[in-house]
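Undergrad:
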């Protein structure tokens, strides 16, 4: 989304030997320069401090000890959710759309993604089909 901002030009009056140069702002539309401004929005993951690693390698999964994590499954549904602690989730099957509380936009995570949800994060989770994840609750500094 781009907009136009009008910026006043700085005009100097001619100076003589005995006078100090004076500067004044001119704000008439015919003397304004147009500056293009763009609205830059951060990704939702950055805004809400949700960390994601896409298509995680088997080596990384072994390093984290994913095989020892708890398993959670669901079918098509919508769940309101809030995280009381940091949670690390590895999506084994399916996909989830995560709509942060107060937002109309969503984050989409797929099988193969490793997602870290921060403590106190609140969102609605939308599952369109079968979904399975492995999860681990994390204490501060458990990286």
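Numbering (the UniProt record's numbering), first residue to last: 1 to 143.
Glycine included, every Cβ here is placed at the ideal spot set by N, Cα and C.
Quick caveat: nothing in here was measured; it's all calculated off a predicted structure.
Pairs of beta-carbons, one from the stretch 76-92 and one from the stretch 125-137, closer than 8 Å: are there three or more?
TA: Enough Cβ pairs lie closer than 8 Å, so yes.
Undergrad: For the alpha helix (DSSP H) holding residue 58, just list the boundary residues, first then last.
TA: Looking at the DSSP string, the run of the alpha helix (DSSP H) that includes residue 58 is 58-64.
Undergrad: Please report how far the alpha carbon of residue 4 lies from the alpha carbon of residue 122, in whole angstroms.
TA: Caution applies to residue 4, whose pLDDT of 47 falls short of 50 and renders its modelled position unreliable; the model cannot decide the point.
Undergrad: State the DSSP-derived secondary structure class of residue 70, mapped to helix, strand or coil.
TA: Three-state result, residue 70: strand.
Undergrad: Identify which residue in 137, 139, 113 has its Cα closest to the Cα of residue 53.
TA: Ranking 137, 139, 113 by Cα distance to residue 53 puts 113 first.
Undergrad: At the level of alpha carbons, what is the spacing between residue 99 and residue 106?
TA: Their backbone Cα atoms lie some 4 Å apart in a straight line.
Undergrad: Taking C-beta to C-beta, are residue 116 and residue 88 nearer than 8 Å?
TA: For residue 116 and residue 88, yes; Cβs fall inside 8 Å.
Undergrad: Judging by CA-CA distance, which residue of 137, 65, 133, 138 is the nearest neighbour of residue 71?
TA: Looking at the Cα atoms, 133 is the closest of the given residues.
Undergrad: What is the residue span of the alpha helix (DSSP H) that residue 45 lies within?
TA: Looking at the DSSP string, the run of the alpha helix (DSSP H) that includes residue 45 is 44-47.
Undergrad: If I measure Cβ to Cβ from residue 85 and keep anything under 8 Å in the same chain, skipping five residues before and after, which residues do I get?
TA: Taken in chain order, the residues that qualify are 119, 137, 138, 139.
Undergrad: Mapping DSSP to helix, strand and coil, what is residue 15?
TA: Interpretation of residue 15 is limited by its pLDDT of 49, a score under 50 that renders its predicted location unreliable; no figure is taken from the coordinates.
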